[in-house]
Amino acid sequence: MAEFFDHISDDHRAFIARQPVFFVATAAAGARINLSPKGMDSFRVLDERRVAYLDVGGSGNETNAHLLADGRITVMFCAFDNPALIMRLYGRGTPVLPQDAGWDALAAGFELLPGTRQIFEIAVDGVQTSCGWGVPHMALERERRTLSKYHAKFTPEAMLEVYATENARSIDGLPARVPTVVPPETGR
């Protein structure tokens, strides 16, 4: 039932574009496994072996800390409609922050949202698809705006303070990089 591929095909790209939610998993030695749901039109396929997703500040900075410590990342998409399908992208990720040299090129492909913290760039070394027959049928009602509204209340200076005090370490104490500048948002 599972099939493996060494790159993202046009069919894979089309499937990814239709999915309103994806899941990101990372781990580091001695730390908890991190698994996070993502949405908000924040995922981009850059080419057949590279993807990126826009990260908005939330309850922690686990992905950043885990990628600095280990580098491995898995992204999972699953269809909640027909045809049933699960797709996993395996690779190595890098956090790109607004102060980094590669920021402008990556950020140009996204609509920046209030609270934009970083973009994770992923070098994909494998793609796996599987049946997804156990995933329920569900329909997207609407995107949540709560996180954008929350971040819109902060000045750039206050946002940097939150990042510096609340996002500089993982919940297991691993160091994470934080933004030193807030990018201008182009949000909705």
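Just so you know, we're using the numbering used here here: the sequence shown kicks off at -9 and counts up by one.
Cβ atoms here follow ideal geometry from the backbone N, Cα and C, with glycine treated the same way.
Asked: Beta-ladder partner(s) of G105, from DSSP; Found: Paired residue(s): none; G105 is not in a bridge.
Asked: For P85, the first and last residue of its enclosing beta strand (DSSP E); Found: 76 to 86
Asked: Proximity below 8 Å, CB of E111 to CB of L87; Found: no
Asked: Opposing strand residues paired with N24 [DSSP bridges]; Found: T16
Asked: Helix, strand or coil at S191 [DSSP, three-state]; Found: Nothing in the structure corresponds to residue 191, since the chain is present only between -9 and 178.
Asked: Nearest candidate by alpha-carbon position, reference I199, set P169, F(-6), S160; Found: Because the chain spans -9 through 178 in this model, residue 199 falls outside it and cannot be assessed.
Asked: Euclidean distance between Cα positions of A55 and I6; Found: 26 Å
Asked: At least 3 beta-carbon pairs within less than 8 Å: the region 15 to 27 vs the region 131 to 139; Found: no
Asked: G81 to M66 span [Cα, whole Å]; Found: 12 Å
Asked: G83 classed as buried or exposed, judged by whether at least 16 other C-beta atoms fall within 10 angstroms; Found: buried
Asked: Option in R40, E38, S138 with minimal Cα separation from R107; Found: S138
Asked: Proximity winner among T170, R167, G163, relative to A21 (alpha-carbon distances); Found: G163
Asked: Segment contact flag, the region 35 to 46 with the region 113 to 128, C-beta cutoff 8 Å, min 3 pairs; Found: yes
Asked: Distance between Y153 and R167 (C-alpha atoms, nearest Å); Found: 9 Å
Asked: 8 Å Cβ cutoff met for L44 and I(-2); Found: no
Asked: Assigned secondary structure, M30 (DSSP; H/G/I helix, E/B strand, else coil); Found: coil
Asked: Nearest-angstrom beta carbon gap, A74 and C121 [assumed within contact, 8 Å]; Found: 6 Å
Asked: Assumed close pair L25, F13 - CB separation to whole angstroms, cut-off 8 Å; Found: 6 Å
Asked: Three-way DSSP call (helix, strand, coil) for D94 in this model; Found: helix
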